[in-house]
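Oh and the sequence shown: position 308 is 308 in full-length UniProt numbering, straight run, nothing missing.
Built from N, CA and C at the ideal position, the CB exists for glycine as well.
What follows is one structure encoded as structure tokens, with my remarks underneath.
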Amino acid sequence: MVTMVTLRPKIEADGHVISQDGDFVKDGYGDVVFLTAVEIVIYCASINAPRMALNVFDHDEYRPPVWKSYLYQLQQEAPHPRRLTCTCEVDDRPKYYGREYHGMVSRDEADQLLSVAEGSYLIRESQRQPGTYTLALRFGNQTKNFRLYHDGKHFVGEKRFESIHDLVTDGLITLYIETKAAEYIAKMTINPIYEHIGYTTLNKEPTLKKHLPVCQEVPDGPAPQGERVDEEKGLTSLVRRATLKDKDHATKYEKVHNFKVHTFRGPHWCEYCANFMWGLIAQGVKCADCGLNVHKQCSKMVPNDCKPDLKHVKKVYSCDLTTLVKAHNSKRPMVVDMCIQEIESRGVQSEGLYRISGFSDLIEDVKLAFDRDGEKADISVNVYEDINIITGALKLYFRDLPIPLITYDAYPKFMEAAKITDPDKRLEAHHEGLKLLPPAHCETLCYLMAHLKRVTQNDKDNLMNAENLGIVFGPTLMRAPDLDAMTALNDIRYQRQATPDRLHCTAQRFKTLHSCVATDAGSIPVLATTGRPMR
Numbered sequence: 001m002v003t004m005v006t007l008r009p010k011i012e013a014d015g016h017v018i019s020q021d022g023d024f025v026k027d028g029y030g031d032v033v034f035l036t037a038v039e040i041v042i043y044c045a046s047i048n049a050p051r052m053a054l055n056v057f058d059h060d061e062y063r064p065p066v067w068k069s070y071l072y073q074l075q076q077e078a079p080h081p082r083r084l085t086c087t088c089e090v091d092d093r094p095k096y097y098g099r100e101y102h103g104m105v106s107r108d109e110a111d112q113l114l115s116v117a118e119g120s121y122l123i124r125e126s127q128r129q130p131g132t133y134t135l136a137l138r139f140g141n142q143t144k145n146f147r148l149y150h151d152g153k154h155f156v157g158e159k160r161f162e163s164i165h166d167l168v169t170d171g172l173i174t175l176y177i178e179t180k181a182a183e184y185i186a187k188m189t190i191n192p193i194y195e196h197i198g199y200t201t202l203n204k205e206p207t208l209k210k211h212l213p214v215c216q217e218v219p220d221g222p223a224p225q226g227e228r229v230d231e232e233k234g235l236t237s238l239v240r241r242a243t244l245k246d247k248d249h250a251t252k253y254e255k256v257h258n259f260k261v262h263t264f265r266g267p268h269w270c271e272y273c274a275n276f277m278w279g280l281i282a283q284g285v286k287c288a289d290c291g292l293n294v295h296k297q298c299s300k301m302v303p304n305d306c307k308p309d310l311k312h313v314k315k316v317y318s319c320d321l322t323t324l325v326k327a328h329n330s331k332r333p334m335v336v337d338m339c340i341q342e343i344e345s346r347g348v349q350s351e352g353l354y355r356i357s358g359f360s361d362l363i364e365d366v367k368l369a370f371d372r373d374g375e376k377a378d379i380s381v382n383v384y385e386d387i388n389i390i391t392g393a394l395k396l397y398f399r400d401l402p403i404p405l406i407t408y409d410a411y412p413k414f415m416e417a418a419k420i421t422d423p424d425k426r427l428e429a430h431h432e433g434l435k436l437l438p439p440a441h442c443e444t445l446c447y448l449m450a451h452l453k454r455v456t457q458n459d460k461d462n463l464m465n466a467e468n469l470g471i472v473f474g475p476t477l478m479r480a481p482d483l484d485a486m487t488a489l490n491d492i493r494y495q496r497q498a499t500p501d502r503l504h505c506t507a508q509r510f511k512t513l514h515s516c517v518a519t520d521a522g523s524i525p526v527l528a529t530t531g532r533p534m535r
């Protein structure tokens, strides 16, 4: 059956051809699958939302998503668990099982006991492997048997549950949905809403003038509790991305999402495909940096366009460098900029700069100040008179990075470069190493090396030449990736050598034809050079 749906959002009529395919309705243009014609009407209306939304949204910019209710309805229809209790006392029943434990019974006996109702379950001891336990569950007029484990929580797979009842409830939901909607689930990632309201929209600089309610709910689905928030504070990660604007000076760095398995309280919908996230626990994954909520399978399709939210980035130290600069919309971490500016304003001639350690408790105070106050942290001479406290805080920042400034991927190339004796070839090898660095790491490294070069220009006063700085910064900026102790020990002398080489490389970059080529978002700075390294 083929039908024409005609919408008249304001003045113009908008025709969409839809077709009936079993239990589904398909949009003839976009092949978007819905449960009912009502949902596709709402979807089509949302496509025209820019013309209907009080002139707040421009065309082709952010459009509120329509959350699809089909999988939610299936979860509501899933069989409910029915515990089949054992009427007699069972010897040696494990203390973490209740009356659902029937002792050592055969598969046939379990099948007969469970035939009373869909969703019935019991626990039995395996006859083939005494001491192991099996969850027998009635689903689809069949008895399914699962090896059951307990380590403080109950589990048959990756998910761990506080009770057998929760495990069975989640299992029945999953079995029901994956049985009824296998084809639908396989096509969930087709035509995702993320492409319409993700960073593609952000890059078009939307002209949102005020916050509007986020979700347009289909009539037969409940309001997603986790997504309803107050107008002033509550933006979902999707709307936040659609309304953010980059600062004019900020470099756009590519960043992968930091997805972690997450248990959502209350109904939640995937912000990639707009489908319901089913189950009781661990229904999907959440980006720890920007808050994006998606299905696990959808997370593989999400572009590397994470834009961290400061409410998720709780600290400055020990935070991934790219995550930090994107959260603060800056080229480099503010710790690096502020510490270097403070050092160059009053301490570049201080004897033993970077070599002499500051008082550790005060260095920790600086760290806490940045974690607490960010850019508002006061590290001036009025608070920290000893410049070695500031240098110590800067070194600590680099040591605490979860991924070193010179990343594990680039580490072998820099080690290889440090072992080359020919100056021209060594310089070229360093450039190849720089190409392997993420853009934010490369920018920060170049900025730091330019600063350290200025430190060496005052070596008559501070007694810190390139070799001395190499001893200090070599192990701070780079760490061996999973090498044995002896190999890591042998690398130390090359780590020390690598820093003076980078100082020469950076000097060339700023004094001759070195240039850092940064173009569109996600581009990797490439160092172009001619000439020999400075001596």
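Per-residue burial, residue i [other beta carbons within 10 Å of its own, 16 or more giving buried]
i	result
F359	exposed
G474	buried
P402	exposed
K413	buried
H80	exposed
Q283	buried
N141	exposed
T444	buried
K326	buried
N382	exposed
residue 543	Beyond the ends of the chain as shown, which are 1 and 535, falls residue 543; an answer cannot be given.
G152	exposed
A182	exposed
T421	exposed
L292	buried
D320	buried
V66	buried
S350	buried
V261	exposed
V116	exposed
Y354	buried
Beta-carbon proximity list for residue i, same chain, < 6 Å, skipping 5 on both sides
i	result
K395	T476
Y194	Y272
K311	none
L167	H154 and F161
A377	A369 and F370
7 Å CB neighbourhood of residue i in its chain, flanking five on each side removed
i	result
R479	P404
N388	I356, S357 and G358
C287	H257, N258, F259 and C306
Y447	R332 and V336
V294	C270, E271, Y272, G284, V285 and V302
V313	D289, C319, T323, L324 and A327
L113	L84 and L122
Whole-number beta carbon distance between residue j and residue i, since they are thought to touch under 8 Å
i	j	result
T134	F146	7 Å
T87	D111	No, T87 and D111 are not in contact; Cβ-Cβ is about 18 Å, not under 8 Å.
E109	T85	Between T85 and E109 the Cβ distance is about 15 Å, and since that is not below 8 Å, they are no contact.
A136	Y121	6 Å
G103	E125	6 Å
A417	G433	6 Å
Q127	S106	6 Å
T391	P438	Contact doesn't hold; Cβ gap of about 25 Å is too wide.
Spatially closest choice to residue i from the options, by CA coordinates
i	options	result
I343	H102, V168, N462 and H165	N462
K187	C273, D289 and G171	C273
Y384	R160, D459 and L362	L362
L469	G352, I420 and S126	G352
I340	H102, E467, L292 and K453	K453
L436	C446, T421 and A410	A410
P267	I164, E118, K68 and V472	K68
H441	S299, H295, L324 and A182	L324
K180	F264, M338 and F139	F139
G157	G171, S163 and H165	G171
G347	H262, D320 and I379	I379
S163	P192, L175 and I123	I123
M338	D373, V90 and V116	D373
M415	R399, P481, Y354 and V472	P481
N275	Q297, R265 and T263	Q297
T169	R82, T263 and K460	R82
Chain-order list of residues whose beta-carbon lies under 8 Å from that of residue i (same chain, five-residue window excluded)
i	result
I177	L71, L74, Q75, A78, I185 and W278
V335	V316, Y317, F370, A393, L394 and Y397
I173	Q75, A78, W278, G279 and L280
Y199	Residue placement at Y199 cannot be trusted, given a pLDDT of 39 that sits under 50; what the coordinates show is reported in the next sentence. If we look at Y199 and ignore the five residues flanking it on each side, its Cβ neighbours are R241, P303, D305 and K307.
Chain D contact for residue i (CB, 9 Å cutoff)
i	result
G284	You won't find chain D in this structure, because it holds only one protein chain.
**OP:** Say whether the stretch 418–426 touches the stretch 360–379, bearing in mind that this needs 3 or more beta-carbon pairs closer than 8 Å, one atom from each stretch.
**Re:** With a cut-off of 8 Å on Cβ pairs, the stretch 418–426 is not in contact with the stretch 360–379, counting fewer than three such pairs.
Original post:
Is it true that the stretch 256–276 meets the stretch 291–309, where meeting means three or more beta-carbon pairs spaced less than 8 Å apart?
Top reply: Touching, per the Cβ criterion.
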